[in-house]
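Per this note's numbering: the sequence shown = residues 97 to 389. Ideal Cβ positions, reconstructed from N, Cα and C, are used throughout, including at glycine. Since the model is a prediction, treat every value here as computed from it, not as a measurement. Following: one structure in structure tokens, then a few remarks.
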Amino acid sequence: TTFRDEPDFMYQLYDHVFTKRELQSTTLFCAIKITNYYTLDIHKNMIDTVGYFLEENLVTNKFEEVTIQNIKNLLHIFLYNNVFYYKDQIYTLTKGSPNTMPLSDTLSNIYVFVWQKQILKQLQLNNEFFGRYKDQIFFTWNNGNEEERGSFLQAIRDKSPNVQFQKLIASSVPFLNAFVQNQNSNLFSRIYRHPFIQGYSLPYEVGNTKLVHSDWLRSVLIRAVCYCSSVEDFNLERIYLELTCLTNGYSLRFVETHVQHFFNFFHLHPMRYSRDQIMYNKFRHNWFNYIKI
């Protein structure tokens with residue numbers, strides 16, 4: 097499973113827990129962060145992995161009109177001719193490629209897709225939840241045996257030592273800016289902010305238009321309703337987002353217009369000032385259904 101974005105992660109986890117009823121009181125969450133996502137392996141191995149991936153997933157040896165061998169040849173040119181200039185010296189990359197290039201994401205995605213099959217093979221046997229967003233992986237673990245869990249992850253490290261990762265396994269973990277917790281078979285979630293990131297700041301770049309920040313405000317409000325299982329946490333997050341816009345120079349009218357539109361989307365404007373958990377659950381469910389479309 098691939099997570100499209102943050103709300104999609106929570107929707108899929110929500111569906112796993114509430115539709116499939118798979119969360120037990122002993123279920124643990126595991127969050128993995130691949131730390132060398134853009135420098136996973138030497139160029140030859142990256143090219144061979146892409147070739148293996150294409151051979152396994154294409155009906156013929158062509159992708160549209162391009163043969164697999166030609167794709168590998170083009171990747172050879174791209175990877176072996178990546179150079180950069182630093183302090184009067186020219187350097188060549190021997191592993192991976194620049195994280196500023198879209199093709200680098202594609203190559204890393206394919207490489208990790210092949211690598212993650214080792215994890216999936218074991219997890220699918222136990223009907224666990226699994227998903228990945230770029231360099232971050234999330235899955236559930238229902239086997240209470242700590243020794244087996246440790247040996248499972250160590251075997252993955254030993255088999256593919258070039259993929260370096262950090263892991264966190266517990267009943268509560270942060271993942272994709274969410275804090276998720278198993279509260280005795282009940283899924284609790286809210287927004288998670290890294291303590292070192294400055295608060296009340298916008299993802300601002302010089303030249304951004306008001307439309308960009310309009311889209312940002314709408315997207316983070318959707319993320320808030322998807323991430324916050326409690327109406328109290330949602331209201332606190334909404335107020336935080338409104339203050340963030342006001343602190344950064346946006347008018348009260350701008351904030352009011354966009355927040356009202358968010359609540360009016362499902363004709364639930366009273367939800368803005370409500371602390372009714374039942375009404376909020378309905379509002380949240382509406383957004384999950386909207387995301388699913």
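A residue is called buried when at least 16 other Cβ atoms come within 10 angstroms of its Cβ; N280 does not meet this threshold and is exposed. In the structure shown, T196 adopts coil according to DSSP, grouped into three states. Two segments are said to touch when three or more pairs of C-beta atoms, one from each, lie closer than 8 angstroms; by this definition the stretch 146-160 does not touch the stretch 216-224. Distance from the CA of L332 to the CA of T236, rounded to the nearest whole angstrom, comes to 28 angstroms. Sequence-distant Cβ neighbours of Y133 in its own chain, meaning closer than 6 angstroms and more than five residues away, are S204 and D231. Annotation: I130 to F99 spans about 16 angstroms, alpha carbon to alpha carbon. Taking every protein chain shown into account, the CB of D137 has 16 or more other CB atoms within 10 angstroms, so this residue is buried.
When G192, S370 and S267 are compared, the shortest CA-CA separation from S121 is found for S267. Ranked by how close their Cα comes to the Cα of Q260, the residues Q212, N223 and P103 have Q212 in first place. Under the three-state reduction of DSSP, N166 is assigned to helix. In the DSSP assignment, Y229 falls within the beta strand (DSSP E) that extends over F226 to Y229.
Contact between the stretch 348-368 and the stretch 273-288 is absent: fewer than three C-beta pairs spanning the two stretches fall below 8 angstroms. Look at the stretch 233-311 and you find these whole runs of alpha helix (DSSP H), each 4 residues long or longer: 242-255. Rounded to whole angstroms, G345 and I233 show a C-alpha spacing of 37 angstroms.
Here Y107 has C322, F384, I387 and K388 as same chain residues with Cβ atoms under 8 angstroms from its own Cβ, once five neighbours each way along the sequence are excluded. Taken in chain order, the unbroken stretches of alpha helix (DSSP H) that lie wholly in the stretch 100-154 and span 4 residues or more are 102-110 and 139-153.
Taking C-alpha positions only, N195 is separated from S310 by approximately 27 angstroms.
If you draw a straight line from the Cα of E102 to the Cα of V276, it is about 13 angstroms long. Here L337 is actually not in contact with L364; their C-beta atoms are around 18 angstroms apart, not less than 8 angstroms. R228 is classed as buried because its beta carbon has at least 16 other beta carbons within 10 Å across all chains shown.
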